[in-house]
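Quick note on numbering: the numbering used here labels position 16 of the sequence shown as 124, and the sequence is numbered without any gaps.
For reference, the structure is listed below as structure tokens.
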Amino acid sequence: MKKATHIFSAAALAATLWFPALAQAMLINGDFETGDLSGWTTFTTANGTLGNGGAVTLFDTTGGGASLAATFNVGQVSFASGVPAGGGIFQSVALAAGNYTLSADIAAFNAPPTNSSGGIFDLLFDNVVVDTVDFGIINGTERGLLASLVNVTAGVHEVRLRMQRPFLRDAGTPYQYLDNIVLRGDTPTVPAPATLALVALGLLCLRRRTAA
């Protein structure tokens, strides 16, 4: 039993050392299955409001069936012609160097069709917009939001999703939805020499324990 435990521990250590990008590319509560915005921080833009403050409700964001999704109805606080305003959520995550794909399912819903700009959805990585979807005038719709990130340096990075509309937020404002926000490593990073040495040492210890 002890030998099996040592083997399992060594295998887990080796996987973590050899695949740091895959092991660390985890956002907290990206599917909102906690029923709230745990792990995320809300924000508003200049002259913007989130409307309901960011509830989590059931909605069919992907077309494959309803699931829990972060729900907003953003817009301006004071009317300013042609100037989008609103807000969104963000989260910081520690990443190893490597290539990553960041994706999110988004939707906007409007019924009845009044004040019907669905919103401008922006996906940001370290405050740089990497993808944008502008729903324009809507009467119920859905769409995926995808972005590919390359050559990410090791360290703490920020993932932010922003929703804005160039109109006041009022009783006729459409709802915006976010779900399935995922950050994953596309390829494992190449181990540094020090990492290889640690793996070799771990395997040597495992061999000695097994022989004993």
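Note that the Cβ used here is the ideal one computed from N, Cα and C, for glycine as well.
With which residues is residue i paired in a DSSP beta bridge?
{"i": "Ile-228", "result": "Asp-242, Gln-272"}
{"i": "Asp-213", "result": "Gly-252, Asp-287"}
{"i": "Gly-143", "result": "Paired residue(s): none; Gly-143 is not in a bridge."}
Can you give me the C-alpha to C-alpha distance between residue i and residue j, rounded to a whole angstrom?
{"i": "Tyr-285", "j": "Gly-263", "result": "29 Å"}
{"i": "Ala-188", "j": "Gly-156", "result": "11 Å"}
{"i": "Thr-297", "j": "Ser-211", "result": "Caution applies to Thr-297, whose pLDDT of 47 falls short of 50 and renders its modelled position unreliable; the model cannot decide the point."}
{"i": "Gly-280", "j": "Ala-216", "result": "13 Å"}
{"i": "Arg-268", "j": "Thr-249", "result": "22 Å"}
{"i": "Pro-192", "j": "Gln-184", "result": "7 Å"}
{"i": "Ile-136", "j": "Ile-214", "result": "18 Å"}
{"i": "Leu-257", "j": "Val-201", "result": "14 Å"}
{"i": "Thr-152", "j": "Gly-172", "result": "30 Å"}
{"i": "Gln-272", "j": "Arg-251", "result": "16 Å"}
{"i": "Gly-244", "j": "Leu-291", "result": "27 Å"}
{"i": "Ser-146", "j": "Gly-162", "result": "11 Å"}
{"i": "Arg-270", "j": "Ala-204", "result": "25 Å"}
{"i": "Gly-195", "j": "Ser-186", "result": "14 Å"}
{"i": "His-265", "j": "Glu-141", "result": "23 Å"}
Keeping to the same chain, check which residues put their C-beta closer than 6 Å to that of residue i; ignore five residues upstream and five downstream.
{"i": "Val-238", "result": "Leu-231, Ala-255"}
{"i": "Thr-170", "result": "Asp-213"}
Helix, strand or coil: how does DSSP classify residue i here?
{"i": "Asn-207", "result": "strand"}
{"i": "Ser-175", "result": "strand"}
{"i": "Thr-150", "result": "strand"}
{"i": "Asn-137", "result": "coil"}
{"i": "Gly-183", "result": "strand"}
{"i": "Arg-277", "result": "coil"}
{"i": "Thr-165", "result": "strand"}
{"i": "Thr-157", "result": "strand"}
{"i": "Ser-200", "result": "strand"}
{"i": "Gly-190", "result": "coil"}
{"i": "Asn-259", "result": "strand"}
Could you tell me how far apart the beta carbons of residue i and residue j are, in whole angstroms, since I believe they sit closer than 8 Å?
{"i": "Pro-282", "j": "Gly-226", "result": "5 Å"}
{"i": "Thr-149", "j": "Phe-198", "result": "6 Å"}
{"i": "Asn-235", "j": "Asp-139", "result": "Actually they do not touch by this definition, with Cβ atoms about 24 Å apart."}
{"i": "Thr-240", "j": "Phe-233", "result": "Not quite, the Cβ-Cβ distance comes to about 13 Å (not below 8 Å), so this is no contact."}
Please work out which residues of its chain come closer than 7 Å, Cβ to Cβ, to residue i, disregarding the five sequence neighbours upstream and downstream, and give them in chain order.
{"i": "Gly-143", "result": "Val-164, Leu-176"}
{"i": "Ala-174", "result": "Leu-166, Phe-167, Asp-168"}
{"i": "Ile-246", "result": "Ala-216, Asn-218, Ser-224, Gly-226, Pro-282"}
{"i": "Arg-277", "result": "Thr-157, Gly-159, Asn-181, Val-182, Gly-183, Gln-184"}
Short of 8 Å in beta carbon distance, which residues of its chain neighbour residue i, apart from the five on each side in sequence? Order them along the chain.
{"i": "Gly-190", "result": "Pro-274"}
{"i": "Asn-160", "result": "Thr-179, Phe-180, Asn-181"}
{"i": "Ala-154", "result": "Ala-193"}
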